[in-house]
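Chemist: Protein chains in written order, with the numbering used here: chain S, 449 to 790; chain F, 449 to 790.
Cβ coordinates follow ideal geometry from the N, Cα and C atoms, glycine included.
No experiment lies behind these values; they were computed from the predicted model shown.
First, the structure itself, so that you have it in front of you.
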DNA sequence: TCAATTAGTTTAAACGTTTAAACATTTGAC
DNA sequence: GTCAAATGTTTAAACGTTTAAACTAATTGA
């Protein structure tokens with residue numbers, strides 16, 4: 449790689465000091481510097497195509513104008529949409545995004561956080577994996593600004609932007625109940641991540657509101673790695689039981705996706721035999737013969753809020769932003785029985 | 449943000465020079481340094497949780513151990529899968545990924561490339577937007593290592609890893625022809641990007657091989673922004689013409705996705721009335737009642753090759769890797785008429 | 001006329017590292 | 001007992017910036 453043009457090169461070419469060049473190109477001390485030399489410096493900089501070395505600048509100013517983004521799984525639509533939004537938003541503040549995908553793995557997440565911090569990012573936006581408390585405490589102890597998205601640890605006083613998952617779970621379950629479904633199965637992850645837990649609690653709450661008892665047999669928890677087989681089994685269990693479910697609520701995108709693949713192979717009609725509700729939009733669920741009723745997260749708003757909150761932290765305007773945004777219930781064919789025909 | 453622990457802190461604490469600490473922690477001059485002091489330095493470093501400042505290191509060594517990744521559209525499955533693979537692969541070489549999504553916009557791509565370069569990335573992996581030649585020439589002139597993925601400029605002697613798009617287009621069209629389809633419509637982008645162009649040429653070639661003339665009326669080109677409306681029109685045109693098409697070949701993921709959404713609203717049965725072939729897997733196409741026959745790109749291989757090629761360039765092992773990998777034809781229901789029933 | 005002010009520019013130190021070269025001390029050979 | 005070599009450590013400069021402080025020369029005011 450060629451040596452890039454530096455302030456020194458411009459200074460030497462014009463026979464002036466590096467300082468002067470720096471002042472001119474940063475529009476500093478403009479009341480002191482002669483117009484003529486300023487003009488010349490600017491011309492020469494343009495001519496040599498000078499671009500400030502952000503690494504040197506970062507070392508000196510202790511600001512790299514870089515933020516670290518740690519998503520849960522970049523190949524998942526939620527993460528990649530978020531990444532895109534955050535990158536766009538960061539750009540408005542002249543920030544660059546360094547990224548990593550933890551793949552929901554605690555160790556990997558820890559390692560990536562370290563890497564990002566050692567690259568001197570000015571702050572982080574993190575969708576934390578399970579059991580990341582220690583690592584987050586380290587960030588707090590070192591006063592490294594960060595904002596959590598999607599999930600957070602209720603007992604930790606951190607900045608976070610997330611969906612009101614409880615309300616969303618409630619809303620989705622309520623909708624099924626109000627449409628007439630009574631035996632709602634829940635397929636969720638076996639996890640302590642608060643976003644998923646809250647969705648489940650919302651579901652329980654909705655049942656209670658409708659005078660129904662929570663039935664643990666209707667709740668199936670999946671432990672991520674062997675997802676396909678487990679989901680197949682969960683769905684079978686729910687459909688085979690003495691009084692089978694009339695609907696299934698999935699607490700995540702990936703779950704419904706795999707679930708749907710299996711359901712589409714069964715002699716079960718959605719929504720007539722089985723209604724479905726889930727979280728997040730997906731093109732896949734749109735092309736299913738009965739597009740899925742789902743909770744739509746306001747991704748743009750969340751991304752914007754997260755970047756804004758982080759910028760404030762970086763600027764030492766320390767306020768503990770802990771914002772929950774509301775999900776929108778998008779009702780589609782998967783939960784509406786057309787009784788005019790039946 | 450707190451000042452981080454530096455070599456100086458360790459040196460001061462032990463009353464030795466910074467140099468010595470640096471040597472020890474980098475395992476240099478080990479035949480010279482006394483075991484006892486080395487031991488102490490290592491202990492103190494661990495105790496203070498010293499982490500080298502990559503920015504300072506980068507300034508000194510002119511290597512930031514960072515690569516820039518410029519994808520076409522991170523919210524698209526191809527890009528995000530690629531991003532994940534590349535991030536994983538880069539990690540093996542102790543590299544961090546800085547990323548940007550050009551959203552297929554030349555201006556934005558140019559700006560992002562500048563940003564990445566000014567952050568002193570050691571190299572770049574780029575899925576170039578249309579008309580990025582100038583910017584790439586700049587990289588070449590400044591000897592900044594880069595590898596193109598997905599598309600490239602045939603007239604520019606750059607490193608690139610891509611699908612053999614011509615062969616893939618051919619293979620897909622051949623399959624339709626051999627299954628008995630004769631009027632194959634092509635829905636593609638109006639673009640000069642070579643990957644898309646090659647797919648189209650492959651289609652033409654397959655037609656020719658089968659003694660069929662290319663019919664320009666069967667080729668519909670979409671100019672990206674207003675994609676939904678245009679695709680709707682294209683499909684209508686193809687189905688309404690005097691002798692309508694019996695199959696449609698889409699040259700990209702996004703095209704078939706939108707196309708499918710529209711087709712699923714029509715009284716047209718896939719594959720009986722209309723066969724479909726496309727590029728890239730997608731969960732969406734899997735959930736459609738007739739899962740789509742498609743060309744599967746070996747993403748893992750491509751990502752691995754791209755990172756490897758870049759690492760070689762960075763290490764000044766200059767070889768012009770220009771590798772085309774083969775796509776796999778995955779035959780699904782969307783192109784197989786079950787004649788046993790018909 | 002000369003001190004004080006203003007204008008224009010430079011000096012020098014710093015950020016946290018790396019690394020060639022220098023230095024000081026010990027060891028060993030003869 | 002001397003000197004060369006080996007051992008262990010430090011000095012100093014550098015990477016490309018930023019920025020307080022210093023310097024010089026010109027201008028102003030009394």
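Under 7 angstroms, Cβ to Cβ, is there at least one residue of chain F near residue 750 of chain S?
Modeler: As a working mapping, residue 750 of chain S is identified with position 302 in the first chain. Residue 750 of chain S does not count as touching chain F.
Chemist: Give the secondary structure of residue 626 of chain S by DSSP, where H, G and I count as helix, E and B as strand, and everything else as coil.
Modeler: Taking the first residue of the first chain as position 1, residue 626 of chain S is located at position 178. Of the three classes helix, strand and coil, the one that applies to residue 626 of chain S here is helix, per DSSP.
Chemist: Give a yes or no on whether the minimum CB-CB distance between residue 532 of chain S and chain F is below 7 angstroms.
Modeler: Reading the first chain from its first residue, position 84 is the one you call residue 532 of chain S. Taking Cβ atoms only, chain F reaches closer than 7 angstroms to residue 532 of chain S, which makes this a yes.
Chemist: Which residues in the same chain as residue 481 of chain S place their Cβ atom closer than 8 angstroms to its Cβ, once the five residues preceding and following it in sequence are excluded?
Modeler: For the purposes of this step, residue 481 of chain S is taken as the residue at position 33 of the first chain. Counting only Cβ-Cβ distances below 8 angstroms, and skipping sequence neighbours, we find 468, 471 and 472.
Chemist: Mapping the DSSP letters down to three states, classify residue 651 of chain S as helix, strand or coil.
Modeler: Within the first chain, the letter at position 203 stands for residue 651 of chain S. It is helical.
Chemist: Since residue 563 of chain F meets chain S, which of its residues come closer than 7 angstroms, beta carbon to beta carbon?
Modeler: The residue you call residue 563 of chain F lines up with position 115 of the second chain. Neighbours of residue 563 of chain F on chain S, chain order: 544.
Chemist: Can the beta-carbon of residue 723 of chain S be found closer than 7 angstroms to that of residue 629 of chain S?
Modeler: For the purposes of this step, residue 723 of chain S is taken as the residue at position 275 of the first chain. For the purposes of this step, residue 629 of chain S is taken as the residue at position 181 of the first chain. Cβ distance < 7 angstroms, so residue 723 of chain S and residue 629 of chain S count as in contact.
Chemist: Using the three-state DSSP reduction, which class does residue 741 of chain S fall into: helix, strand or coil?
Modeler: One-based indexing of the first chain puts residue 741 of chain S at position 293. It is a strand residue.
Chemist: With H, G and I counted as helix, E and B as strand and the rest as coil, what does DSSP make of residue 698 of chain S?
Modeler: Position 250 of the first chain, counted from the start, is the residue given in the question as residue 698 of chain S. DSSP places residue 698 of chain S in strand when its eight states are reduced to three.
Chemist: Between the Cα of residue 669 of chain S and the Cα atoms of S:650, S:676 and S:639, which residue gives the shortest distance?
Modeler: Taking the first chain and counting its residues from 1, the one referred to as residue 669 of chain S is at position 221. Looking at the Cα atoms, S:639 is the closest of the given residues.
Chemist: Decide yes or no for the touch test of the region 756 to 769 of chain S against the region 592 to 608 of chain S: beta carbon pairs closer than 8 angstroms, at least 3 of them.
Modeler: Verdict: yes, contact present.
Chemist: Whole angstroms are fine: how far does the CA of residue 712 of chain F sit from the CA of residue 682 of chain F?
Modeler: On the second chain, position 234 is the one that residue 682 of chain F refers to. On the second chain, position 264 is the one that residue 712 of chain F refers to. If I take the Cα positions, the gap works out to 15 angstroms.
Chemist: Got a sec? Which residues, its chain only, sit under 8 angstroms from residue 808 of chain S by beta carbon, not counting five neighbours each side?
Modeler: Residue 808 of chain S lies beyond the range of chain S shown here (449 to 790); nothing can be said about it.
Chemist: Less than 7 angstroms separating the beta-carbons of residue 749 of chain S and residue 610 of chain S?
Modeler: Looking up residue 749 of chain S in the first chain gives position 301. Looking up residue 610 of chain S in the first chain gives position 162. No, Cβ-Cβ distance for residue 749 of chain S and residue 610 of chain S is not below 7 angstroms.
Chemist: Anything in chain F within Cβ reach of residue 725 of chain S, meaning under 9 angstroms, just list it in chain order.
Modeler: Taking the first residue of the first chain as 1, we reach residue 725 of chain S at position 277. The contacting residues do not exist; residue 725 of chain S stays about 16 angstroms from chain F at best.
Chemist: If you count every other CB in all the chains shown that lies within 10 Å of the CB of residue 659 of chain F, and 16 or more means buried, which is it?
Modeler: Start at 1 with the first residue of the second chain, and residue 659 of chain F comes out as number 211. Exposed.
Chemist: Assuming residue 646 of chain S contacts residue 684 of chain S (C-beta within less than 8 angstroms), just tell me the rounded distance between them.
Modeler: Along the first chain, read from residue 1 onward, the residue named residue 646 of chain S stands at position 198. Along the first chain, read from residue 1 onward, the residue named residue 684 of chain S stands at position 236. With 8 angstroms as the limit, residue 646 of chain S and residue 684 of chain S do not qualify as a contact, their Cβ atoms being about 27 angstroms apart.
Chemist: What does the alpha-carbon distance come out to for the pair residue 776 of chain S and residue 781 of chain F?
Modeler: In the first chain, the residue the question calls residue 776 of chain S occupies position 328. In the second chain, the residue the question calls residue 781 of chain F occupies position 333. If you take the alpha carbons of residue 776 of chain S and residue 781 of chain F, they lie about 35 angstroms apart.
Chemist: For residue 771 of chain F, does the three-state DSSP call read helix, strand or coil?
Modeler: Position 323 of the second chain holds residue 771 of chain F. Strand.
Chemist: Taking just the CA atoms, how far does residue 529 of chain F sit from residue 523 of chain S?
Modeler: For the purposes of this step, residue 523 of chain S is identified with residue 75 of the first chain, where counting begins at 1. For the purposes of this step, residue 529 of chain F is identified with residue 81 of the second chain, where counting begins at 1. Looking at the two C-alpha atoms, the distance is approximately 5 angstroms.
Chemist: Following the continuous alpha helix (DSSP H) through residue 492 of chain S, name the residue where it begins and the one where it ends.
Modeler: Position 44 of the first chain, counted from the first residue, corresponds to residue 492 of chain S. Per DSSP, residue 492 of chain S belongs to the alpha helix (DSSP H) from 483 to 495.
Chemist: Once the 5 residues before and after residue 581 of chain S are set aside, which same chain residues still bring their CB inside 7 angstroms of it?
Modeler: For the purposes of this step, residue 581 of chain S is identified with residue 133 of the first chain, where counting begins at 1. 601 and 604.
Chemist: Decide if residue 455 of chain S is buried, meaning its Cβ has at least 16 other Cβ atoms within 10 Å, or exposed.
Modeler: If you number the first chain from 1, residue 455 of chain S lands on position 7. Classification of residue 455 of chain S: buried, given that the 10 Å Cβ count is 16 or more.
Chemist: Please confirm whether residue 745 of chain S has its beta-carbon closer than 7 angstroms to some beta-carbon of chain F.
Modeler: Stepping through the first chain from its first residue, residue 745 of chain S is reached at position 297. No, because no Cβ of chain F sits closer than 7 angstroms to the Cβ of residue 745 of chain S.
Chemist: Give the DSSP-derived three-state secondary structure of residue 706 of chain S in the structure shown.
Modeler: Taking the first residue of the first chain as position 1, residue 706 of chain S is located at position 258. Residue 706 of chain S falls in the helix class under three-state DSSP.
Chemist: Please state if the CB of residue 742 of chain F and the CB of residue 693 of chain F are separated by a distance shorter than 7 angstroms.
Modeler: Position 245 of the second chain, counting from 1, holds the residue named residue 693 of chain F. Position 294 of the second chain, counting from 1, holds the residue named residue 742 of chain F. Cβ distance not < 7 angstroms, so residue 693 of chain F and residue 742 of chain F don't count as in contact.
Chemist: Which runs of the beta strand (DSSP E), 3 residues or longer, sit entirely within the region 505 to 560 of chain S?
Modeler: If we require 3 residues or more, the beta strand (DSSP E) runs fully inside the region 505 to 560 of chain S come out as 514 to 519 and 544 to 549.
Chemist: Spatial neighbours of residue 558 of chain S within its chain, please: CB distance less than 6 angstroms, with the 5 preceding and 5 following residues excluded, ordered by chain position.
Modeler: The sequence position of residue 558 of chain S within the first chain is 110, counting from 1. Excluding sequence neighbours, residue 558 of chain S sits near 583.
Chemist: Taking the alpha carbon of residue 656 of chain F as the reference point, which residue from F:574, F:667, F:618 and F:666 has its own alpha carbon closest?
Modeler: Locating residue 656 of chain F in the second chain gives position 208, counting from the first residue. It is F:618.
Chemist: Ignore the nearest five residues each way along the sequence and tell me which others in residue 744 of chain F's own chain have a CB closer than 7 angstroms to its CB.
Modeler: As a working mapping, residue 744 of chain F is identified with position 296 in the second chain. Hits under 7 angstroms: 729, 775, 776 and 778.
Chemist: Could you name the residues that DSSP lists as bridge partners for residue 633 of chain F?
Modeler: On the second chain, position 185 is the one that residue 633 of chain F refers to. Note: residue 633 of chain F sits in a beta bridge opposite F:696.
Chemist: Given a cut-off of 7 angstroms on the beta-carbon distance, is the pair residue 534 of chain F and residue 514 of chain F in contact?
Modeler: Translated into the one-based positions of the second chain, residue 534 of chain F becomes position 86. Translated into the one-based positions of the second chain, residue 514 of chain F becomes position 66. Against a cut-off of 7 angstroms, the Cβ pair of residue 514 of chain F and residue 534 of chain F comes out as no contact.
Chemist: Leaving out five residues before and five after residue 788 of chain S in sequence, what residues of the same chain have Cβ atoms less than 6 angstroms from its Cβ?
Modeler: By 1-based counting over the first chain, the position of residue 788 of chain S is 340. Since pLDDT at residue 788 of chain S reaches only 49, below the 50 mark, its modelled position is unreliable, and the value read off the structure follows with that caveat. The answer is none, since no qualifying residue turns up.
Chemist: When Cβ atoms are compared, which residues of the region 585 to 597 of chain S fall closer than 9 angstroms to chain F?
Modeler: Hits within the stretch, in order: 586, 589, 590, 591, 592 and 593.
Chemist: Quick one: measure Cβ to Cβ for residue 502 of chain S and residue 509 of chain S, integer angstroms, because I've assumed they're closer than 8 angstroms.
Modeler: For the purposes of this step, residue 502 of chain S is taken as the residue at position 54 of the first chain. For the purposes of this step, residue 509 of chain S is taken as the residue at position 61 of the first chain. Not really, about 10 angstroms apart at Cβ, beyond 8 angstroms.
Chemist: Can you list, in chain order, the residues of the region 490 to 522 of chain S whose Cβ is nearer than 8 angstroms to any Cβ on chain F?
Modeler: Hits within the stretch, in order: 499, 500, 501, 502, 503, 504, 506, 507, 510, 512, 514, 521 and 522.
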